[in-house]
């Protein structure tokens with residue numbers, strides 16, 4: 015099962031997001047975020063755990 019369907023992950027799913035995508039998924043998202051937003055000014059702490 016998954017925490018979301020096809021409308022993305024919302025605020026109410028944030029507590030389970032890291033568990034859902036696993037440690038590799040978290041690492042990938044952090045790497046993409048760091049590459050696209052090196053200053054960390056775009057939505058800091060919003061969804062990337």
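In the numbering used here, the protein residues as written are 15 to 63. Note that beta-carbon positions come from the ideal geometry of N, C-alpha and C, so glycine has one too.
Other residues of its chain near residue i: CB distance less than 7 angstroms, five sequence neighbours each side excluded
i          : result
residue 43 : 62
residue 47 : 62
Three-state secondary structure assigned by DSSP to residue i
i          : result
residue 52 : coil
residue 37 : helix
residue 42 : helix
residue 58 : coil
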